[in-house]
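Chemist: In the order they appear, the protein sequences are chains A and B. Numbering-wise (my numbering), the first sequence opens with residue -10 and increments by one. Numbering-wise (my numbering), the second sequence opens with residue 26 and increments by one. Every residue gets a Cβ at the ideal spot worked out from N, C-alpha and C, and that includes glycine. The structure displayed is predicted, hence computed values, not measured ones.
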Amino acid sequence: EADIYQTPRYLVIGTGKKITLECSQTMGHDKMYWYQQDPGMELHLIHYSYGVNSTEKGDLSSESTVSRIRTEHFPLTLESARPSHTSQYLCASSEYLGDYEQYFGPGTRLTVT
Amino acid sequence: QKEVEQNSGPLSVPEGAIASLNCTYSDRGSQSFFWYRQYSGKSPELIMSIYSNGDKEDGRFTAQLNKASQYVSLLIRDSQPSDSATYLCAQGGGFKTIFGAGTRLFVKA
Chain A
-10 EADIYQTPRY LVIGTGKKIT LECSQTMGHD KMYWYQQDPG MELHLIHYSY
40 GVNSTEKGDL SSESTVSRIR TEHFPLTLES ARPSHTSQYL CASSEYLGDY
90 EQYFGPGTRL TVT
Chain B
26 QKEVEQNSGP LSVPEGAIAS LNCTYSDRGS QSFFWYRQYS GKSPELIMSI
76 YSNGDKEDGR FTAQLNKASQ YVSLLIRDSQ PSDSATYLCA QGGGFKTIFG
126 AGTRLFVKA
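See the structure below:
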């Protein structure tokens, strides 16, 4: 079972601020993902990474950016937060080889006022 | 077109009954399938993985895979109120896992 951490767990921030959501995992997983999920709605993949220096956009258009400088760390950045960015952001990871089971972090609930 | 389809529910069953959750998928090449449980306000938690045709049992949970018919199901025996959650079906293989929209399950005490 993966250990995957997200900080902050809750964030309320004003429009126009730059924010970075942190995600770290300790299992050495090569693949990491960011999902966006509104309450009661489905998961939307917004970014993923196969490994260090590899990032791809997901299925849902997002104004966020990601980086993967270290295997264990996959931060997501919003340069200028807007109320439409209010949502839950979930980070996940999985092994590159194997059964593609994804393990999720606890999530960050973001509110932009 | 969605690649993994689930009935959104809600599915309501009495305590102690068997809950049956179903999922269909479109990618015949996929080799791995997963069921995740998501409580309200929490992140998804992996509860079952299945890779070959047939049944796989783990405690009160049984996953069933039928590749010819392209469906996956999850049976929960002796359902408990604590099983009330949204259950996500997912199809693996390749670099991305495809998630269904989830089925909401309510277990009435």
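Within 8 Å, do at least three Cβ pairs link the region 22 to 42 of chain A to the region 53 to 64 of chain A?
Modeler: Flag = yes, the region 53 to 64 of chain A and the region 22 to 42 of chain A touch.
Chemist: Considering only their Cβ atoms, is the gap separating H36/A from S51/A smaller than 8 Å?
Modeler: Within the first sequence, numbered from 1, the residue matching residue 51/A stands at position 62. Within the first sequence, numbered from 1, the residue matching residue 36/A stands at position 47. In this structure, H36/A lies closer than 8 Å to S51/A by Cβ.
Chemist: What does a CB cutoff of less than 7 Å around D48/A pick up in its chain, not counting 5 residues either side in sequence?
Modeler: On the first sequence, position 59 is the one that residue 48/A refers to. Excluding residues within five positions, the ones whose Cβ falls inside 7 Å are H33 and L34.
Chemist: Sort out for me which residues DSSP pairs I75/B with in a bridge.
Modeler: Residue numbering aside, residue 75/B sits at position 50 when the second sequence is read from its first letter. Answer by DSSP bridge pairing, in chain order: F58/B.
Chemist: If you run the structure through DSSP and keep just helix, strand and coil, what is H33/A?
Modeler: The residue you call residue 33/A lines up with position 44 of the first sequence. Correct three-state label for H33/A: strand.
Chemist: Which residues does DSSP list as the beta-bridge partners of P39/B?
Modeler: Looking up residue 39/B in the second sequence gives position 14. Note: P39/B sits in a beta bridge opposite K133/B.
Chemist: Check whether chain A comes within 8 Å of A137/B, counting only Cβ atoms and requiring the distance to be less than that.
Modeler: Residue numbering for chain B in the displayed model covers 26 to 134; residue 137/B lies beyond these limits and cannot be assessed.
Chemist: For a quick check, are the C-beta atoms of G96/A and Q(-5)/A less than 8 Å apart?
Modeler: Mapped onto the first sequence, residue 96/A falls at position 107. Mapped onto the first sequence, residue -5/A falls at position 6. Yes, the Cβ-Cβ distance between G96/A and Q(-5)/A is below 8 Å.
Chemist: Name the residue from D(-8)/A, H18/A, Y24/A and K20/A whose alpha carbon lies nearest to the alpha carbon of L10/A.
Modeler: On the first sequence, residue 10/A is found 21 positions in, with the first residue counted as 1. Closest by alpha carbon: Y24/A.
Chemist: Taking a cut of 9 Å between CB atoms, which residues from the region 88 to 102 of chain A lie near chain B?
Modeler: Of all residues in the region 88 to 102 of chain A, D88, Y89, E90, Q91, Y92, F93, G94, P95, G96 and R98 have a Cβ within less than 9 Å of some Cβ in chain B.
Chemist: At what residues does the beta strand (DSSP E) containing T97/A begin and finish?
Modeler: Here residue 97/A refers to the residue found at position 108 when the first sequence is read from its first residue. Per DSSP, T97/A belongs to the beta strand (DSSP E) from T97 to V101.
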